[in-house]
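K.L.:
Protein chains in written order, with the working numbering: chain A, 1 to 369; chain B, 1001 to 1342.
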Amino acid sequence: MSAPVETRPHREIPAHQGGLGYRFAAAVATPGGAVFLLAIGLLVATMVANENFADPGVVVRFLGRTAPIAIAAMGQYFVIVSGEFDLSMAAVVTTQVVMAGNLIGQDEGRIVPVTCLMLLVGAGIGLVNGLATTILRVPSFIVTLGTMLALAGLVRYLTGGAATGNPVDSFREIGRGGIEDVPVVEVLPYPLLIFLALAVYAQWLMRRPFGRSLIAAGDNPNAATLSGTPLWWVKTRAFILSSLSATIAGIILVGYAGVHPKVGEGYEFAAITAVVLGGVLLGGGRGWVLSAACGAFALELLFTLLTVLDVESTWRDTVQGLIIIAAVAVAGRAWTVGRKPRGGRGARRTEPLGSTTNQPTQGPITGDN
Amino acid sequence: MSRLTSALQGRTLTSTGIVYLVLLLAVVAGAILTGLEGRNFFSQGNISSILTGTSILGFIAIGQTLVILVGSLDLSVPYVVSLVSVLAADRMAGETSHVPQAVLVALLVAALVGLANGVIVAWLGVHGFVASLGVGLVISGYLATNYQGNTGSAPRDFRLIGANQIGPVPVSTLIMLGCAVAAILLLRRTRVGHHMYAVGGNREVARLSGIRTSVPVITAHVLCSVLAGFAGLLLLARLSVGSPTIGQQGGYDLMSIAAVVLGGTLLAGGKGNVTGTLAGVAIFAVMDNVMGVMEVNPFLKDVVRGVVIVAAVALYARREIDRRPARFERPSTLDAALQEAR
Chain A
1 MSAPVETRPH
11 REIPAHQGGL
21 GYRFAAAVAT
31 PGGAVFLLAI
41 GLLVATMVAN
51 ENFADPGVVV
61 RFLGRTAPIA
71 IAAMGQYFVI
81 VSGEFDLSMA
91 AVVTTQVVMA
101 GNLIGQDEGR
111 IVPVTCLMLL
121 VGAGIGLVNG
131 LATTILRVPS
141 FIVTLGTMLA
151 LAGLVRYLTG
161 GAATGNPVDS
171 FREIGRGGIE
181 DVPVVEVLPY
191 PLLIFLALAV
201 YAQWLMRRPF
211 GRSLIAAGDN
221 PNAATLSGTP
231 LWWVKTRAFI
241 LSSLSATIAG
251 IILVGYAGVH
261 PKVGEGYEFA
271 AITAVVLGGV
281 LLGGGRGWVL
291 SAACGAFALE
301 LLFTLLTVLD
311 VESTWRDTVQ
321 GLIIIAAVAV
331 AGRAWTVGRK
341 PRGGRGARRT
351 EPLGSTTNQP
361 TQGPITGDN
Chain B
1001 MSRLTSALQG
1011 RTLTSTGIVY
1021 LVLLLAVVAG
1031 AILTGLEGRN
1041 FFSQGNISSI
1051 LTGTSILGFI
1061 AIGQTLVILV
1071 GSLDLSVPYV
1081 VSLVSVLAAD
1091 RMAGETSHVP
1101 QAVLVALLVA
1111 ALVGLANGVI
1121 VAWLGVHGFV
1131 ASLGVGLVIS
1141 GYLATNYQGN
1151 TGSAPRDFRL
1161 IGANQIGPVP
1171 VSTLIMLGCA
1181 VAAILLLRRT
1191 RVGHHMYAVG
1201 GNREVARLSG
1211 IRTSVPVITA
1221 HVLCSVLAGF
1231 AGLLLLARLS
1241 VGSPTIGQQG
1251 GYDLMSIAAV
1261 VLGGTLLAGG
1271 KGNVTGTLAG
1281 VAIFAVMDNV
1291 MGVMEVNPFL
1301 KDVVRGVVIV
1311 AAVALYARRE
1321 IDRRPARFER
1331 PSTLDAALQE
1341 AR
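The structure is reproduced here in structure tokens:
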């Protein structure tokens, strides 16, 4: 697949031609761009269906509520774009929530040290995931499944199956508070501010050598290694970022959900769904980090819309299932636009195979095993 | 390099061999630990309880092996298990005469779910992870909307399938082993079986070699769902009522994938076999049994399981680095026996 591109390095990519307007349209036409249109469409539909939602204050509060899942999705993005999976996210969220509840307690002086400890534990879990995946060469699916089982079991064992404890209110403010008296939107939730700061950081990170190597590692691990990328360290950092983002999601969640062993439930699949909806290719190498975050907002907007439309909540799963299949089916085709040699007979004959043409050399699940 | 690895693997140990060594290790450790508790690991009751423990995960893991071999994944199995259990229970409604029809309908629905998975993966080009997760969610929504709790009931004759034993071996385990042999024959003896390996190894190369790549993918998904349907029927026979959440409670999606990978099958597809998967399932069953005898805290069981899965896979994961020659490795003992029987 890549051979014709290499032999003709100066071939114009359609997306690079034309003016700003054209290039913007071309960007929106990719799966990573289309998710923004999808989110806007869903927002407008929700506003039409329920007038309350047209109030900017309500929208901002909704964004604040959705921030933890968006943060988790950005963390998951780093792992997925490098060609791996992180299934341990939900267990990490639960661990952190329980830790916050039991270690901070009603003592305000402990907030800073315990928060540092939580971040350290998060980074440690990511390090274990990353090293087991890269050095021991266990598929990340299995490694993170193992950490998921181990962490969830450990937390339930230590808490006796029923987590208790409640962190002091000033710590919970991080999740449920905000800057008051802001014009237009009334209140600016802290989770939203944290999300925005992390989004800027993630975008900066992806433009740094680390981000470039990460995408290269996901696209073609062999080529990345041969061109001098320390594959193990790049991927391990992705796992650390993922666990840290789950930690931050946990810190926010403890604010408005409190301490409960089921707080993080379903976060791993929700985050993966959001990332996939954001047009990021499972198997790695394609996608934009902010599209992944937008995928999380689009998913939550979809649920809100279903609630507004009085669809029974039990059908939510069904709709979610149909949406992700459709989104990925469309995205799988769209990523090939502009990368395929056009006009040749060969190009036409590879068409029916869809996704296989996206991933020239690697297996569909993990980058290297 | 490749010659070195194949020399190491060929004469001494295949990855299936390592899995069986791990199983042996688990049995020995289990026997010692059970002995320390003052009980006999090899007593008839204990053996049959271990074998009973293998049957349900066994059915699902055999199917999952086929799906993983073609380079896909099936996360919808727990929902298929639940769906089959409620559909069959409703059809049976306690009447023995309704059993054949109920079983047929339930398995047909399971096959249709598998067909949907396969078609989405093969024709729409959606990754198996997303396709089966999506289909699973669709079923989950249907189940949650239409079933509030346990439903239907299985007649006594049907329940006997879950309870009967021949010697220490439960009938359900025998059926599972029968399915395993059928799957091995499918992979070793039929055209579509060989095509499964080819497509899983490299879909594009398989296509360029003239294989219609969608056929093995769809076949694997249909068989996987039907086998998950068997597991659902067996659970129905044991519980005697259909439960819309029984599959999710078991966590069969991730555990079956863990068993398959533990059995030495490459998660990316193209390499592996059912024999290894059976050992993977047996390792889980032995572990559960021993922890049950030792009265380990149920939450700690999960911790042990998690650590063992990663550690066991790490044992031979490094050997898979050079995977091309390994696909044409020497047949394992059971396969060799099959070959000689021919």
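Using N, Cα and C, we set each Cβ at its ideal position, and we do this for glycine too.
(1) Using C-beta distances below 7 Å, list every residue in its chain close to L374 (chain A), excluding the 5 sequence neighbours before and after it, in chain order.
(2) Here's the rule: buried if 16 or more other CB atoms are within 10 angstroms of the residue's CB, otherwise exposed. What is Y190 (chain A)?
(3) For S1209 (chain B), is the classification buried or exposed, using 16 other Cβ atoms within 10 angstroms of its Cβ as the cut-off for buried?
(4) Using 8 Å as the cut-off, can you tell me whether the stretch 1270-1282 of chain B makes contact with the stretch 1048-1060 of chain B, which would need three or more C-beta pairs spanning the two stretches below that distance?
(5) Take G266 (chain A) as the anchor and find which of A:Y157, A:Y256 and A:M148 has the nearest alpha-carbon.
(6) Can you look up T94 (chain A) in the DSSP assignment and give me helix, strand or coil?
(7) Ordered along the chain, which non-local residues of its own chain (more than five positions away) have a Cβ less than 8 Å from that of I1246 (chain B)?
(8) Of all the options B:K1271, B:G1292, B:C1224 and B:V1171, which has the alpha carbon lying nearest to the alpha carbon of L1112 (chain B)?
(9) Less than 8 Å between the beta carbons of V1077 (chain B) and I1060 (chain B), yes or no?
(10) Does the Cβ-Cβ distance between L136 (chain A) and A1314 (chain B) come in under 8 Å?
(11) G279 (chain A) and T30 (chain A): beta carbons closer than 8 Å?
(12) Per DSSP, V182 (chain A) forms a beta bridge with which residues?
(13) With DSSP collapsed to three states, give me the class of T1096 (chain B).
(14) Going by DSSP, which residues form a beta bridge with Q1165 (chain B)?
(15) Compare the C-beta of V1138 (chain B) against all C-beta atoms of chain A and say whether one is closer than 8 Å.
(16) With which residues is G1242 (chain B) paired in a DSSP beta bridge?
(17) Do L231 (chain A) and T134 (chain A) have their beta-carbon atoms positioned less than 8 Å apart in this structure?
(18) Taking R1305 (chain B) as the query, report the chain A residues whose CB atoms sit under 9 Å from its CB, ordered along the chain.
(19) Contact check, R1159 (chain B) vs A1093 (chain B) under 8 Å by CB: the rounded distance?
(20) With respect to the alpha helix (DSSP H) encompassing P68 (chain A), which residues constitute its N-terminal and C-terminal limits?
(21) Is it true that the CB of V259 (chain A) sits closer than 8 Å to the CB of N129 (chain A)?
(22) Using a Cβ-Cβ cut-off of less than 7 Å, list which residues of the stretch 157-174 of chain A approach chain B; keep chain order.
(23) Which residues in chain B sit within 8 Å of D317 (chain A), going by Cβ to Cβ distance?
(24) Report the residue from A:V60, A:W288 and A:T159 whose alpha carbon sits nearest the alpha carbon of I179 (chain A).
(25) Hey, does V143 (chain A) have any beta-carbon neighbour from chain B nearer than 8 Å?
(26) Could you have a look at S1225 (chain B) and say whether DSSP puts it in helix, strand or coil?
(27) Any C-beta of chain B sitting closer than 8 Å to the C-beta of F269 (chain A)?
(28) Just to make sure I have the definition right: I need the residues of chain A whose C-beta is within less than 9 Å of the C-beta of F1042 (chain B). Which are they?
(29) At 4 residues or longer, what runs of the alpha helix (DSSP H) sit wholly inside the stretch 223-300 of chain A?
(30) Taking Cβ positions, are T247 (chain A) and M118 (chain A) nearer each other than 8 Å?
(31) Mind listing the chain B neighbours of Q320 (chain A)? Cutoff is C-beta to C-beta under 7 Å, in chain order.
(32) Pair every Cβ in the stretch 288-298 of chain A with every Cβ in the stretch 216-235 of chain A, then say whether three or more of these pairs are closer than 8 Å.
(33) Identify which residue in B:K1271, B:T1275 and B:A1259 has its Cα closest to the Cα of M1287 (chain B).
(34) Going by alpha carbons, who is nearest to S1072 (chain B) out of B:L1177, B:R1156, B:V1119 and B:S1043?
(35) Grab me the residues of T159 (chain A)'s own chain with a C-beta within less than 8 Å of its C-beta, minus the 5 sequence neighbours each way, in chain order.
(36) Closest Cβ-Cβ distance between A132 (chain A) and chain B: below 8 Å?
P.N.:
In this structure, then:
(1) What is shown of chain A runs 1 to 369, which leaves residue 374 (chain A) out entirely.
(2) In the first sequence, counting from the first residue as 1, residue 190 (chain A) sits at position 190. Around the beta carbon of Y190 (chain A), 16 or more other beta carbons sit within 10 angstroms, so the residue counts as buried.
(3) Within the second sequence, residue 1209 (chain B) is the residue found at index 209, counting from 1. By the beta-carbon neighbour count (other beta carbons within 10 angstroms, threshold 16), S1209 (chain B) is exposed.
(4) In the pairwise beta carbon analysis, the stretch 1270-1282 of chain B is classified as touching the stretch 1048-1060 of chain B: at least three pairs are separated by under 8 Å.
(5) Against the first sequence, residue 266 (chain A) aligns to sequence position 266. It is A:M148.
(6) Along the first sequence, one-based indexing puts residue 94 (chain A) at 94. Helix, per DSSP.
(7) Within the second sequence, numbered from 1, the residue matching residue 1246 (chain B) stands at position 246. Excluding its 5 nearest sequence neighbours in each direction, I1246 (chain B) has C-beta neighbours in its own chain below 8 Å: V1081, S1082, S1085, G1232, L1235 and L1239, listed in chain order.
(8) Within the second sequence, residue 1112 (chain B) is the residue found at index 112, counting from 1. Ranked by how close their Cα comes to the Cα of L1112 (chain B), the residues B:K1271, B:G1292, B:C1224 and B:V1171 have B:C1224 in first place.
(9) Position 77 of the second sequence, counted from the start, is the residue given in the question as residue 1077 (chain B). Position 60 of the second sequence, counted from the start, is the residue given in the question as residue 1060 (chain B). At the C-beta level, V1077 (chain B) and I1060 (chain B) come within 8 Å of one another.
(10) Within the first sequence, the letter at position 136 stands for residue 136 (chain A). Within the second sequence, the letter at position 314 stands for residue 1314 (chain B). Closer than 8 Å, so yes.
(11) The residue you call residue 279 (chain A) lines up with position 279 of the first sequence. The residue you call residue 30 (chain A) lines up with position 30 of the first sequence. Yes.
(12) Residue 182 (chain A) sits at position 182 when you count from the first residue of the first sequence. DSSP, once it has assigned bridges, lists A:E186 as partnering V182 (chain A).
(13) As a first step, residue 1096 (chain B) is located in the second sequence; it is residue number 96 there, counting from the start. It is helical.
(14) For the purposes of this step, residue 1165 (chain B) is identified with residue 165 of the second sequence, where counting begins at 1. Paired residues: B:P1170.
(15) Mapped onto the second sequence, residue 1138 (chain B) falls at position 138. By this cut-off, V1138 (chain B) is an interface position.
(16) The sequence position of residue 1242 (chain B) within the second sequence is 242, counting from 1. The partner list for G1242 (chain B) (beta bridge, DSSP) reads B:T1151.
(17) Within the first sequence, the letter at position 134 stands for residue 134 (chain A). Within the first sequence, the letter at position 231 stands for residue 231 (chain A). Yes, they are a contact pair.
(18) Mapped onto the second sequence, residue 1305 (chain B) falls at position 305. Using a Cβ-Cβ cut-off of 9 Å, R1305 (chain B) is close to G146, L149, A150 and G153 of chain A, given in chain order.
(19) Taking the first residue of the second sequence as 1, we reach residue 1159 (chain B) at position 159. Taking the first residue of the second sequence as 1, we reach residue 1093 (chain B) at position 93. Rounded to the nearest angstrom, the Cβ distance from R1159 (chain B) to A1093 (chain B) is 14 Å, too far for a contact under 8 Å.
(20) Here residue 68 (chain A) is taken as the residue at index 68 of the first sequence, counted from 1. It spans P56 to V81 - the alpha helix (DSSP H) in which P68 (chain A) sits, taken as one unbroken run.
(21) Your numbering for residue 129 (chain A) matches position 129 in the first sequence. Your numbering for residue 259 (chain A) matches position 259 in the first sequence. Contact: no.
(22) Contacts with chain B (Cβ-Cβ distance below 7 Å) from the stretch 157-174 of chain A involve Y157 and G161, listed in chain order.
(23) Locating residue 317 (chain A) in the first sequence gives position 317, where the first residue counts as 1. The contacting residues are L1137, V1138, S1140, G1141 and A1144.
(24) Against the first sequence, residue 179 (chain A) aligns to sequence position 179. Looking from the CA of I179 (chain A), the closest CA among A:V60, A:W288 and A:T159 belongs to A:V60.
(25) As a first step, residue 143 (chain A) is located in the first sequence; it is residue number 143 there, counting from the start. Output row for V143 (chain A): interface = yes.
(26) Residue mapping note: residue 1225 (chain B) aligns to position 225 of the second sequence, counting from 1. Residue state, collapsed to three classes: helix.
(27) In the first sequence, counting from the first residue as 1, residue 269 (chain A) sits at position 269. Output row for F269 (chain A): interface = yes.
(28) Within the second sequence, residue 1042 (chain B) is the residue found at index 42, counting from 1. Near F1042 (chain B) there are no residues of chain A at all, since even the closest Cβ is about 29 Å away, more than 9 Å.
(29) DSSP runs (the alpha helix (DSSP H)) wholly in the stretch 223-300 of chain A: 231-257 and 267-277.
(30) Counting from one through the first sequence, the residue named residue 247 (chain A) turns up at place 247. Counting from one through the first sequence, the residue named residue 118 (chain A) turns up at place 118. Result yes, Cβ atoms of T247 (chain A) and M118 (chain A) sit closer than 8 Å.
(31) Mapped onto the first sequence, residue 320 (chain A) falls at position 320. Near Q320 (chain A) (Cβ distances below 7 Å), the residues of chain B are L1137.
(32) Contact between the stretch 288-298 of chain A and the stretch 216-235 of chain A is absent, because fewer than three Cβ pairs lie under 8 Å.
(33) Residue 1287 (chain B) sits at position 287 when you count from the first residue of the second sequence. Ranking the options by Cα distance to M1287 (chain B), first place goes to B:A1259.
(34) Taking the second sequence and counting its residues from 1, one reaches residue 1072 (chain B) at position 72. In this structure, B:V1119 is the residue among B:L1177, B:R1156, B:V1119 and B:S1043 with its C-alpha nearest to the C-alpha of S1072 (chain B).
(35) For the purposes of this step, residue 159 (chain A) is taken as residue 159 along the first sequence, with counting starting at 1. Excluding positions up to five away in sequence, the list reads V98, N102 and P261.
(36) Taking the first residue of the first sequence as 1, we reach residue 132 (chain A) at position 132. When Cβ-Cβ separations below 8 Å define contact, A132 (chain A) makes contact with chain B.
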